[in-house]
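Notes to accompany the following structure.
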């Protein structure tokens, strides 16, 4: 039961991009361990900048 | 066993469809439509969608997608298919599928519903899935880049111009919808105003207080938005405060224009991004709630299946059933705009090619389902009430008495008392001539929700629905202005280098101002037009959206033929042919029709004649020259759009001809295949 809830919670967090920073850190650790990672705030700001540079929303 | 199940689905669908067709009573239950729609979608997804994916596109689940090959933890990220489905659906579903069906309900519930179902299953879903797939095979290239690389520079430029024009018209018409919902409504106006500081607050929270905690910030924001809806009721009941928010149309138009400019030049984290989180939350929640409410309440539809307005005399917009129902309902059936989202963002998230059916075909099916619900919400109202809300004063008469008399004379009885008591129940001073579709949809949604949760909350539900529509219309407005700005900067950068730098502030200000001036002009004219503006702008929006769909289908057809799949070219070629016929006929009628409610030029000439004869009331004399110029400009714009479509079609035909003749064509831009086994 609690495992199910945990899966659902993870799914919702992923859908809302709530876990974006944790996933970024994970990716960073694996692929670029030599470079320092962005902090939470800098990552959030750069993600927003990237996200809203193309067509994101429709009619 | 499987076969029996699908035969059963087909049987139920046929039964529900037959039930709708044979319906001869006064009303019909919405469940017939819901069941028929679900069966059509299920069959379309299981059989046609699967066939197109497997045989036409030849989806290859062993081929490595760009999300895996180019994984950078940012935009290229292999993602679970249901997560991508959610993101893609949230991106494609905007206010379009809610408004189009509401306007098209003037023809009755049947024509619009049929087009939404058939158009989606054979057109829109196929377009979205095909473009998504082609872009995935090309490392997430945009539609414009694909058009340029696969067809040639002409296709590329056409896609670029088409995108810019659709953006301008779309924002203008959506702005007009919001203005009409807020006009002289202190409750709606104060609630919509309140969404701006709420979004900024959430933006600051997400940047400074708890960076990136999207879920908790969204929950706080949505709670504040609900409070704002309640607060609007207090504003409305307070005699002194309410006058502060009692604005007329032009004032609100200037507000939206100013807001659009500021939102476009502010950093995205401050207003655009937080507003988008809130609107996505609201959108998914409300769509879900509406679906549950429609199924649980299964309301009776009071609108006839087909009304007399199929002859072209409709009060909401002029023009016959063909081609105008197909222009009015773009989003929900086939929407070219989706091709922009399907190429670009979404393909970079796909972890396996076999997911494109769920994400491309499936998301569009769900959007089509939203359009069906909007159709139900519009047609469950008394037809007299529906027409009283949606008809402009220039069409049915300026006073309440004149309007009810005109509408009742069509065979849709309605009284002034009925409209007044409905307006009072919704917390509005009047519901007459609230054109644009949002208010009548809000009345429909409020009726469904309140029958589920209790009648006492009608006014709250109405203003919740208005706030919900306004929030994501304003999101589209912000995001669209920004995209328009980037395109313009790219364009101006060719003329003078510094203008092309997206973060150089003078360039940001100038290009944003130009984009806002573009849509602001159409919005302002639409607001001062006594015929409501929607009548002019919505068909123009429909034509430009179908133009974009036409370009997308051209790219798809061209690529299929280049791959030697000429025998499957009809899969995208047939919807393309249909759109070409519809768009061209609609443009022809909008330009040359002698009916002043249809033809731009006829309307301009008639108004010019009246102005010359001194037959106009004083209030209209001042704006008449602008209206005349605007109608002529609209005619030119419609012609340009259709000419662009035909240029791309002919260019595609040229490429296809060369393929058939064995002559050289631009090489495929598909990324070379890597198989899953090679990367392990």
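Chains as they are written, first to last, in this note's numbering: chain A, -6 to 52; chain B, 16 to 695. Just so it is clear, CB atoms sit at the ideal spot from N, CA and C, and this is done for glycine as well. These figures come from a predicted structure and were not determined experimentally.
Opposing strand residues paired with residue i [DSSP bridges]
| i | result |
| --- | --- |
| residue 315(B) | 44(B) |
| residue 365(B) | 94(B) |
| residue 43(A) | Answer by DSSP bridge pairing: none, since residue 43(A) is not bridged. |
| residue 690(B) | 78(B) |
Rounded Cβ spacing between residue i and residue j (contact assumed at less than 8 angstroms)
| i | j | result |
| --- | --- | --- |
| residue 238(B) | residue 286(B) | That belief does not hold up - the Cβ atoms of residue 238(B) and residue 286(B) are roughly 19 angstroms apart, past 8 angstroms. |
| residue 322(B) | residue 332(B) | Contact flag wrong, Cβ pair sits at about 13 angstroms. |
| residue 6(B) | residue 538(B) | What the structure shows of chain B is the stretch from 16 to 695, and residue 6(B) is not part of that stretch, so it cannot be assessed. |
| residue 566(B) | residue 173(B) | 6 angstroms |
| residue 47(A) | residue 360(B) | 6 angstroms |
| residue 183(B) | residue 553(B) | Contact flag wrong, Cβ pair sits at about 14 angstroms. |
| residue 143(B) | residue 375(B) | 5 angstroms |
| residue 378(B) | residue 107(B) | 6 angstroms |
| residue 441(B) | residue 489(B) | In fact, because the Cβ distance is near 22 angstroms, the residues do not count as touching under 8 angstroms. |
| residue 466(B) | residue 312(B) | 5 angstroms |
| residue 308(B) | residue 463(B) | 5 angstroms |
| residue 407(B) | residue 547(B) | 3 angstroms |
| residue 643(B) | residue 622(B) | 5 angstroms |
| residue 688(B) | residue 78(B) | 5 angstroms |
| residue 455(B) | residue 404(B) | 4 angstroms |
| residue 452(B) | residue 428(B) | Contact doesn't hold; Cβ gap of about 22 angstroms is too wide. |
Amino acids of chain C, ordered along the chain, whose beta-carbon sits closer than 8 angstroms to that of residue i
| i | result |
| --- | --- |
| residue 306(B) | In the displayed structure, chain C is absent; the protein chains listed are A and B. |
- Per the contact definition of three or more C-beta pairs closer than 8 angstroms, is the segment 433 to 446 of chain B in contact with the segment 498 to 510 of chain B? no
- Message: Just to confirm the assignment: which complete beta strand (DSSP E) runs, minimum length 3, are found wholly within the segment 475 to 501 of chain B?
- Response: none
- Message: Between the segment 86 to 93 of chain B and the segment 370 to 388 of chain B, can you find at least three pairs of beta-carbon atoms closer than 8 angstroms?
- Response: no
- Unbroken stretches of the alpha helix (DSSP H), 4 residues or longer, contained in the segment 223 to 303 of chain B: 229 to 252, 254 to 259 and 264 to 280
- Query: For the segment 593 to 628 of chain B, which segments carrying the alpha helix (DSSP H) assignment without a break, of at least 4 residues, lie completely within its bounds, in sequence order?
  - Reply: Runs of alpha helix (DSSP H) with 4 or more residues, each lying fully within the segment 593 to 628 of chain B, are found at 615 to 628, listed in chain order.
- Message: Please give the ranges of any alpha helix (DSSP H) in the segment 85 to 172 of chain B, keeping only runs that are unbroken, at least 4 residues long and fully inside the region.
- Response: 96 to 107, 111 to 119, 124 to 134, 140 to 151 and 158 to 165
- Task: Taking a Cβ distance cut-off of 9 angstroms, strictly less, list which residues of the segment 482 to 495 of chain B are near chain A, in chain order.
- Result: 487, 490, 491, 493, 494 and 495
- Task: Just list the alpha helix (DSSP H) runs in the segment 376 to 424 of chain B, keeping only unbroken ones of 4 residues or longer that don't cross its boundaries, in chain order.
- Result: 378 to 394, 398 to 405, 408 to 411 and 415 to 424
- Message: Contact between the segment 677 to 688 of chain B and the segment 612 to 623 of chain B is defined here as three or more beta-carbon pairs at a separation below 8 angstroms; is this criterion met?
- Response: The segment 677 to 688 of chain B is not in contact with the segment 612 to 623 of chain B.
- Residues in the segment 204 to 221 of chain B having any Cβ partner in chain A nearer than 7 angstroms: 221
- Which residues, taken in chain order from the segment 135 to 164 of chain B, show a beta carbon closer than 8 angstroms to some beta carbon of chain A? 157
- If contact means a Cβ-Cβ distance below 8 angstroms, which residues of the segment 34 to 45 of chain A contact chain B? When CB distances to chain B are screened at a threshold of 8 angstroms, the residues of the segment 34 to 45 of chain A falling below it are 34, 36, 37, 38, 40, 41, 42, 43, 44 and 45, in chain order.
- Query: Quick one: any contact between the segment 152 to 168 of chain B and the segment 233 to 251 of chain B, if contact means 3 or more CB pairs under 8 angstroms?
  - Reply: no
- Item | Three or more C-beta pairs below 8 angstroms linking the segment 580 to 595 of chain B and the segment 640 to 654 of chain B | no
- Pick out the complete alpha helix (DSSP H) segments inside the segment 318 to 347 of chain B, 4 residues or longer, and give them in chain order. 336 to 343
- Item | Inter-stretch contact (C-beta, 8 angstroms, three-pair minimum) for the segment 128 to 137 of chain B and the segment 379 to 395 of chain B | yes
- Query: Do the segment 185 to 202 of chain B and the segment 383 to 399 of chain B meet, that is, are 3 or more Cβ pairs less than 8 angstroms apart?
  - Reply: no
- What alpha helix (DSSP H) runs, 4 residues minimum, are completely inside the segment 618 to 679 of chain B? 633 to 676
- Under 7 angstroms (Cβ pairs) to chain A, residues found in the segment 353 to 365 of chain B: 353, 355, 356, 359 and 360
- What residues from the segment -1 to 10 of chain A come within 8 angstroms of chain B, judged by C-beta to C-beta, listed N to C? Going along the segment -1 to 10 of chain A in chain order, one finds 4, 5, 6, 7, 8, 9 and 10 with a Cβ nearer than 8 angstroms to chain B.
- Query: Along the segment 174 to 205 of chain B, what residues have a CB closer than 7 angstroms to any CB found in chain A?
  - Reply: 185
- Message: Quick test of the definition: if touching needs 3 or more C-beta pairs under 8 angstroms, does the segment 22 to 30 of chain B touch the segment 46 to 56 of chain B?
- Response: Contact holds between the segment 22 to 30 of chain B and the segment 46 to 56 of chain B, because three or more Cβ pairs, one in each stretch, are under 8 angstroms apart.
- Query: Just checking, does the segment 118 to 125 of chain B make contact with the segment 334 to 350 of chain B on the three C-beta pairs under 8 angstroms criterion?
  - Reply: yes
- Message: Check whether the segment 517 to 534 of chain B and the segment 263 to 278 of chain B touch, using three or more Cβ-Cβ pairs below 8 angstroms as the test.
- Response: The segment 517 to 534 of chain B vs the segment 263 to 278 of chain B: in contact.
- Task: Decide yes or no for the touch test of the segment 36 to 52 of chain A against the segment 93 to 113 of chain B: beta carbon pairs closer than 8 angstroms, at least 3 of them.
- Result: yes
- Query: In chain order, which continuous runs of the alpha helix (DSSP H) of length 4 or greater are located wholly inside the segment 440 to 472 of chain B?
  - Reply: Entirely contained in the segment 440 to 472 of chain B, the alpha helix (DSSP H) runs reaching 4 residues are, in chain order, 453 to 468.
- Message: Residues of the segment 99 to 127 of chain B in Cβ contact with chain A at a cutoff of 8 angstroms, in chain order, please.
- Response: Taking a C-beta cut-off of 8 angstroms against chain A, the contacting residues of the segment 99 to 127 of chain B are 101, 102, 106, 107, 108, 109, 110 and 111, listed in chain order.
- Item | Stretch-stretch touch, CB-based, cutoff 8 angstroms, three pairs: the segment 1 to 16 of chain A with the segment 246 to 260 of chain B | no
- Task: Scan the segment 70 to 100 of chain B for residues whose Cβ lies nearer than 9 angstroms to a Cβ of chain A and list them as they occur along the chain.
- Result: 86, 87, 88, 89, 90, 92, 94, 95, 97 and 98
- Would the segment 595 to 605 of chain B and the segment 627 to 639 of chain B be scored as touching if the rule is three or more Cβ pairs under 8 angstroms? no
- Query: Three or more beta-carbon pairs under 8 angstroms between the segment 203 to 221 of chain B and the segment 288 to 295 of chain B, yes or no?
  - Reply: yes
- Output, in sequence order along the chain, the residues in the segment 283 to 295 of chain B whose CB is closer than 9 angstroms to any CB in chain A. Those residues of the segment 283 to 295 of chain B that come within reach of chain A (Cβ to Cβ, closer than 9 angstroms) are 283, 284, 287, 288, 291, 292, 294 and 295.
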